[in-house]
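Residues 1 to 470 in this note's numbering are what the sequence shown lists, from first letter to last.
Think of the CB as a built atom: it goes at the ideal place given N, C-alpha and C, for glycine as much as any other residue.
These figures come from a predicted structure and were not determined experimentally.
This report refers to the structure that appears directly beneath it.
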Amino acid sequence: MDKLSYRTVWKLAGPNIASNILMVSISFAHLWIVAPFGPEASAAVVTGGRVHFLLMAASMALSVATTAVVARAWGAEDAQEASEATTSSLSLAVLISLLLGLLTYVLAEAIVGLFNLDPVSSQMAVDYVRPAAILNVVFSLALTIATAFRAIGDVVRPLRFSAFATLFGTIGSYVLVHGSFGLPEMGIQGIPWGTAFGQLFVVAWFTLRWLTRAYPLFPTTHAMFDASRLAQLARIGAPAALEQVIIQTSFVLFMILVAGYGTAAFAAYGIGITILSICIVVGMGFGAASATLSGQNLGARDPEAARANGWLAMKMAIAVMSLMALASFLFRQELAALLSIDSEVRAHTEYFIIVLAIIQPLMAIEFAIGSALRGGGETRFPLIVTFAGIIIGRFSFGFLVLALNGPVEAMYAVIIADYAVKAILLIARFRSDKWIKDAEDHAPLAVQSVAGVVRAPVRSYFFRRPKNKR
């Protein structure tokens with residue numbers, strides 16, 4: 001059972017980790033591409049990227065609903081329903097992204113103004129945000145496509161899509177920013193256009209193959225604007241949307257606090273968050289495995305196995321993320337030098353990397369244990385934990401540092417309190433039996449769908465119940 005569990009965790013987590021790392025590496029490439037333009041450009045890319053993540057919150061929430069509906073149908077061996085749900089998800093992705101993209105384009109200056117950047121950085125950020133808002137439909141479609149394949153148990157195809165999108169997106173961004181190969185120099189505006197080029201390649205390839213029915217999922221035009229199915233997707237995605245809004249908004253508000261310390265401190269924070277994003281996607285991979293195993297074992301009426309696999313995923317996540325923390329700590333000077341040419345930005349970045357190294361084991365706990373709870377249908381408590389970490393850990397100490405005129409190093413360090421609060425609360429909950437009882441007896445229908453759908457398709461690829469189990 002132990003060997004099976006280790007293999008299962010790795011098989012579930014590995015492809016998603018690789019795919020997410022490829023996508024996040026684009027952020028590193030963006031900072032490297034604009035580094036020669038100075039700290040103002042770095043700050044603008046950080047700001048534009050954060051606004052874009054906030055813009056994508058609705059699409060990320062839709063991906064939760066897509067997983068629920070598509071995977072549930074696929075587990076029931078109903079390819080027609082899975083395909084109709086995919087078609088509806090793609091339609092909803094277009095509608096949501098166009099609406100939010102239009103609003104963001106119109107309000108770009110006001111949104112960027114919240115960060116209190118210097119005039120040069122602020123204008124550059126607006127130049128980044130506006131094309132990103134227009135192109136948001138491409139990013140949303142690419143995310144929905146990858147989600148649909150993962151929902152039917154195909155985790156390799158999204159990895160291939162990510163590889164191509166990263167390659168073409170990075171090349172496109174560099175060419176458009178610097179004006180290579182006879183193309184005009186677009187400056188910072190070239191970043192979103194170039195990145196969208198890579199995503200558009202994936203969307204176009206998928207569309208061609210999809211329309212010719214080369215995939216297990218096929219187009220069903222009558223489901224494109226099916227009101228009941230669109231309502232179902234919206235209903236399931238609503239709780240996830242709320243959590244994403246809370247998380248993304250808290251990031252933006254904390255960035256505003258850091259921005260008060262100047263452009264160099266702000267740019268360093270953004271660079272550090274970019275480095276952290278690599279660790280986050282590793283944690284997300286283990287979280288996905290933990291959620292799947294939790295749902296599978298609770299569905300098999302084996303709560304002790306669900307708990308044991310949650311602890312196992314946590315241990316593996318802590319081990320891997322601690323190694324990454326050690327590597328980033330040892331090479332913090334090289335990382336800072338790679339992503340900025342400004343000496344002050346480098347100094348701040350090196351300190352922030354130390355903070356990031358400290359929180360890695362705590363983040364591993366959040367991803368593995370929080371996801372195990374969600375996989376079992378217990379979604380309310382992780383939401384409460386997220387809110388508590390943000391309010392008690394991050395902003396309470398953050399405003400205290402601000403009130404005492406503390407240095408930016410102290411402001412960076414309050415992040416440790418955020419993740420410590422989350423880790424303590426999650427471990428306490430997971431050690432109790434209440435989450436298992438809630439998962440078995442009181443999970444709402446939408447949550448049962450999310451927890452159950454992951455089991456069916458994944459089991460056919462990865463999960464084999466031990467023979468001594470019923």
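Other residues of its chain near residue i: CB distance less than 6 Å, five sequence neighbours each side excluded
| i | result |
| --- | --- |
| Arg-380 | none |
| Asp-118 | Thr-263 |
| Asp-2 | Only weak support is given to the placement of Asp-2: the predicted model assigns it a pLDDT of 42, under 50, and the value that follows is read from those uncertain coordinates. Cβ within range, chain order: n/a, list empty. |
| Leu-425 | Val-385 |
| Phe-489 | Nothing about residue 489 can be read from this structure; the chain reaches only from 1 to 470. |
| Tyr-261 | Val-408 |
| Ile-436 | Pro-303 |
| Phe-206 | Ile-145 |
| Ile-392 | Val-421 |
Contacts around residue i, its chain only, beta-carbon distance under 8 Å, and the 5 residues preceding and following it disregarded
| i | result |
| --- | --- |
| Met-363 | Cys-279, Ile-280, Gly-283, Met-321 and Tyr-419 |
| Leu-445 | With a pLDDT of 35 at Leu-445, under the threshold of 50, the predicted position of this residue should be treated as unreliable, and no value is reported. |
| Phe-53 | Gln-248 and Phe-251 |
| Gly-113 | Ser-122 |
| Val-355 | Gly-272, Tyr-412, Ala-413, Ile-415 and Ile-416 |
| Leu-326 | Ala-357 |
Start-to-end residues for the alpha helix (DSSP H) that takes in residue i
| i | result |
| --- | --- |
| Glu-40 | 39-55 |
| Gly-194 | 190-211 |
| Ala-410 | 408-431 |
| Gly-310 | 303-330 |
| Ser-162 | 156-178 |
| Asp-118 | That residue, Asp-118, is in no alpha helix (DSSP H); it is neither H nor E in DSSP. |
| Tyr-105 | 79-106 |
| Thr-221 | First-last for Thr-221: undefined, no H or E at that position. |
| Pro-382 | 380-388 |
| Phe-181 | Per DSSP, Phe-181 belongs to no alpha helix (DSSP H) and is neither H nor E. |
| Leu-400 | 396-403 |
Supposed close pair residue i, residue j - CB separation, criterion 8 Å
| i | j | result |
| --- | --- | --- |
| Met-60 | Gln-232 | Not a contact, Cβ separation roughly 18 Å. |
| Phe-332 | Ile-358 | First, the residue type needs correcting, since residue 332 is Arg and not Phe in the sequence shown. At roughly 12 Å, the Cβ-Cβ gap does not stay under 8 Å, so Arg-332 and Ile-358 are not in contact. |
| Met-124 | Ala-41 | 6 Å |
| Ser-83 | Leu-253 | With 8 Å as the limit, Ser-83 and Leu-253 do not qualify as a contact, their Cβ atoms being about 41 Å apart. |
| Pro-219 | Thr-87 | 6 Å |
| Phe-149 | Arg-157 | 5 Å |
| Val-529 | Gly-101 | Only positions 1 to 470 of the chain appear in this structure, which leaves residue 529 out of reach. |
| Met-255 | Phe-115 | 6 Å |
| Ile-33 | Val-177 | 5 Å |
Proximity of residue i and residue j at Cβ, strictly below 8 Å
| i | j | result |
| --- | --- | --- |
| Ser-19 | Ser-162 | yes |
| Phe-286 | Ala-372 | no |
| Val-175 | Phe-181 | yes |
| Lys-422 | Gly-389 | yes |
| Ser-27 | Gly-48 | no |
| Tyr-128 | Gln-189 | yes |
| Ala-110 | Leu-55 | no |
| Ala-204 | Ala-13 | no |
| Pro-15 | Val-155 | yes |
| Thr-166 | Met-23 | yes |
| Ala-85 | Arg-229 | yes |
| Ile-318 | Pro-361 | yes |
| Val-46 | Leu-312 | no |
| Ile-96 | Ser-25 | no |
| Met-224 | Ser-91 | yes |
| Ala-29 | Thr-170 | yes |
| Pro-192 | Leu-99 | no |
| Gly-179 | Gly-194 | no |
| Thr-274 | Leu-31 | yes |
| Asp-342 | Gly-38 | yes |
| Phe-430 | Gly-310 | yes |
| Ala-306 | Ser-294 | yes |
Residues near residue i by beta carbon distance below 7 Å, same chain, minus five either side
| i | result |
| --- | --- |
| Ser-63 | Leu-143, Thr-144 and Thr-147 |
| Arg-346 | Ala-336, Ala-337 and Ser-340 |
| Ala-410 | Val-401 |
| Tyr-215 | Arg-209 |
| Ala-57 | Ala-241, Gln-244, Val-245 and Gln-248 |
| Met-316 | Val-9 and Phe-286 |
| Ile-427 | Ile-365 and Ile-369 |
| Ile-17 | Val-281, Val-282 and Gly-285 |
Proximity test, residue i beta-carbon vs the ligand SAH heavy atom, cut-off 7 Å
| i | result |
| --- | --- |
| Ser-228 | No copy of the ligand SAH appears in this structure; indeed no ligand is present at all. |
CB contact below 8 Å: residue i versus chain C
| i | result |
| --- | --- |
| Ile-353 | As a matter of chain content, chain C is missing from the structure shown, which is built from one protein chain. |
query: In the region 249-277, which residue ranges form an unbroken alpha helix (DSSP H) of at least 4 residues, counting only runs that do not cross its ends?
result: Inside the region 249-277, DSSP marks no whole alpha helix (DSSP H) run of 4 or more residues.
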